[in-house]
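One structure below.
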Amino acid sequence: MATTPVRVRFAPSPTGPLHIGGVRTALYNYLFARQHGGQFIFRIEDTDSTRFVPGAEEYILEAFRWLGLSFDEGVTFGGDKGPYRQSERRHIYKVYVQQLLDSGKAYLAFDTPEELAAAREATPNFQYDARTRGRMRNSLTLPAEEVERLVEAGEKYVVRFRIEPGEDVVVHDLIRGDVRINSSVLDDKVLYKAADELPTYHLANIVDDHLMEVTHVIRGEEWLPSAPLHVLLYRAFGWEDTMPQFAHLPLLLKPDGKGKLSKRDGDRLGFPVFPLEWKDPVTGDVSRGYREDGYLPEAVINFLALLGWNPGTEQEILSLQELVEQFDLAKCSKAGAKFDYVKGTWFNHEYILSKSDAELTPAFLDILRAEGIDATEERARAVVGLMKSRVNFVKELWPLCRFFFVAPTDYDEKTRKKRWKEQSPAQMRELVGVLAALDDFSIEAQEAAVHAWIERQGYKMGDVMNAWRLTLVGEGKGPGMFDISAFLGKQETLARMERALEALQ
Ligand code: GLU
1 MATTPVRVRF APSPTGPLHI GGVRTALYNY LFARQHGGQF IFRIEDTDST
51 RFVPGAEEYI LEAFRWLGLS FDEGVTFGGD KGPYRQSERR HIYKVYVQQL
101 LDSGKAYLAF DTPEELAAAR EATPNFQYDA RTRGRMRNSL TLPAEEVERL
151 VEAGEKYVVR FRIEPGEDVV VHDLIRGDVR INSSVLDDKV LYKAADELPT
201 YHLANIVDDH LMEVTHVIRG EEWLPSAPLH VLLYRAFGWE DTMPQFAHLP
251 LLLKPDGKGK LSKRDGDRLG FPVFPLEWKD PVTGDVSRGY REDGYLPEAV
301 INFLALLGWN PGTEQEILSL QELVEQFDLA KCSKAGAKFD YVKGTWFNHE
351 YILSKSDAEL TPAFLDILRA EGIDATEERA RAVVGLMKSR VNFVKELWPL
401 CRFFFVAPTD YDEKTRKKRW KEQSPAQMRE LVGVLAALDD FSIEAQEAAV
451 HAWIERQGYK MGDVMNAWRL TLVGEGKGPG MFDISAFLGK QETLARMERA
501 LEALQ
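The structure is reproduced here in structure tokens:
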């Protein structure tokens, strides 16, 4: 078995907020690294300065902090293979570009945008490759002195990869098996742009994966078309022996049909496609995030882990540790995974249930404060305990639980018609007496006294409880009556009943 330690990387380009598909890619890399006791590297691929968005890098780091996914090495994490931000590695790429030029595997191309446009015009499906490069303005067609003169003169050349046609290129993919193509279909990709003294994604990506000793490249399916080129680059450098293994993850699909999940689907159907809220620095537009929408990070992780992989059992609730143990790259699906966002809310519900009341209480206290309610931790926690099983999100507690903290001032008409019967006023008057006589207002003590009274009088349990609920809650909802009255306490319970008796005359 291989003895090389597993090293994987997540290498986003800081072009905006991290898409939820990118979070899944990072998660799978994380699981794979942890499962193999390997290292997880955070690299920033920022060689395309035109697409750089301020704040994106910080946003990405913040998202992983929130999710609890940790890196071992990389931007802000240190390590001995840095710098880990590609814009800080220009000097390194230059050496490797030169190596390809010296070995004849790459060449300089001086074609202006106008010349390229003209070539496209003249030749249908024009592609810069072995068939066409002989008619273009590059170091293969121009005399050496002319090339030198142009470079000296500061001409804005690019370096292109010289792809030999007719070669069989095989990408060994751990999920898809062997993906074969012929090199003739590939174009002579631009590897370097003299204008900004920076390599393109392809070259920087390969050089860095090599120098950072990456063993597995786990990334989204959208990068599969680049993989043959990457294999050829490894060959051109003579690095085949240490070429990483590839795994291209299935696409995330729209919840309601075919095609790639997009931000528009989220806007249309009402769910976030970003881990955290994002404010566009240019337009000021705000996009919602899973965190701000009230998802627990564990729920998001569990939900994403199962989009494209499953443990092969019925088990759906898996802790991060269980995911680390059970995850299997080879069992990822090739087919795209439908983004079932409703399932995401189910996961959140399950994780809310699994949390202790005390863990959920701070979030509920925040909501209470925002509503102007000055409740103690203990009282907030009691309500969380009574009501958490009914919600998918902590924020849903407030509309359900308002009555615990605010006495009703009006009484729901429908409930009143149905539940407030002719005998109700007299029964409630008696009940006030029964409760007022209690010294111990615990659930058990109230229950015993009230049940005994109902039995003695021959009343119907349902009649009494429904009317009583209307007096304390103002409508027909809520948990058990004794839970409510015990929470409110004797004084508040009796006060609410008196007020209702008056209002419901
Ligand atoms: N910078 C690329 C991205 O934004 C990295 C692709 C790869 O993992 O090779 O996803």
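Residues 1 to 505 in our numbering are what the sequence shown spells out, letter by letter.
Positions of the beta carbon are idealized from the N, C-alpha and C atoms, including for glycine.
Computed from a predicted model, the values in this text were never measured in an experiment.
Runs of the beta strand (DSSP E) lying entirely within the segment 195 to 226, each at least 3 residues long, are 216 to 220 in chain order. Placement of the Cβ of Y93 at a distance of 8 Å or more from every heavy atom of ligand 1 is found. At the C-beta level, G474 and D412 come within 9 Å of one another. Buried is the label assigned to P250, since at least 16 other Cβ atoms lie within 10 Å of its Cβ. Using a cutoff of 8 Å, the CB of V217 counts as near ligand 1, since one of the ligand's heavy atoms is closer than that.
Close CB contacts of K156 within its chain, under the 7 Å cut and outside five residues either way in sequence, are with A194 and A195 (chain order). Counting along the chain, no alpha helix (DSSP H) covers G177; the unbroken beta strand (DSSP E) around it starts and ends at G177 to N182. Excluding the 5 residues flanking it on each side, V214 has same chain C-beta neighbours closer than 6 Å at R7, R9 and P244, in chain order. Around the beta carbon of P272, 16 or more other beta carbons lie within 10 angstroms, which makes this residue buried. In terms of Cα proximity to A305, the closest of D285, K343 and V282 is K343.
Non-local beta-carbon contacts of N348 in its own chain, meaning distances under 7 Å to residues more than five positions away in sequence, involve Y295, L296, A299, N392 and F393 in chain order.
For Y84, the Cβ stays outside the 8 Å cut-off from all heavy atoms of ligand 1. Here R137 has F110 and D111 as same chain residues with Cβ atoms under 6 Å from its own Cβ, once five neighbours each way along the sequence are excluded. Looking at the DSSP output, N466 shares a beta bridge with no other residue. For the pair L435 and L488, the Cα-to-Cα distance works out to about 13 Å. For L307, there is no enclosing beta strand (DSSP E), as DSSP gives it neither H nor E. DSSP, read as helix, strand or coil, puts R416 in helix.
With respect to W66, L276 sits close: the two C-beta atoms are nearer than 9 Å. With contacts defined by Cβ atoms closer than 9 Å, I206 and K189 do not form a contacting pair.
The DSSP-derived three-state label of A26 is helix.
E197 counts as exposed, since fewer than 16 other C-beta atoms from the protein chains shown sit within 10 angstroms of its C-beta. The continuous beta strand (DSSP E) containing A106 extends over residues A106 to A109.
Counting along the chain, D357 sits inside the alpha helix (DSSP H) bounded by residues D357 to A370.
Between the C-alpha atoms of A363 and W346 there is a straight-line separation of about 19 Å. In this structure, the CA atom of L140 is about 12 Å from the CA atom of F161. Shown here, N392 sits in coil according to DSSP, grouped into three states, outside any helix or strand.
In the DSSP secondary-structure assignment, D173 is bridged to G177 and F246. Residue pairing by DSSP places A337 opposite L252 in a beta bridge. Burial of K388 is indicated by the presence of at least 16 other C-beta atoms within 10 angstroms of its C-beta.
For P12, the Cβ falls inside the 8 Å cut-off from some heavy atom of ligand 1. Nearest C-alpha to L501 among P425, T200 and S184: P425.
Shown here for Q86: same chain residues with a beta carbon closer than 6 Å to its own, the five before and five after excluded, namely E45, D46, T47 and A204 in chain order. At least one heavy atom of ligand 1 sits closer than 8 Å to the Cβ of W223.
With fewer than 16 other CB atoms across the displayed protein chains lying within 10 angstroms of its CB, V170 is exposed.
When distances are taken from the beta-carbon of R9 to the heavy atoms of ligand 1, the shortest one is below 8 Å.
Secondary structure within the segment 122 to 155: the alpha helix (DSSP H) runs of 4 or more consecutive residues, fully enclosed, are 144 to 152 (chain order).
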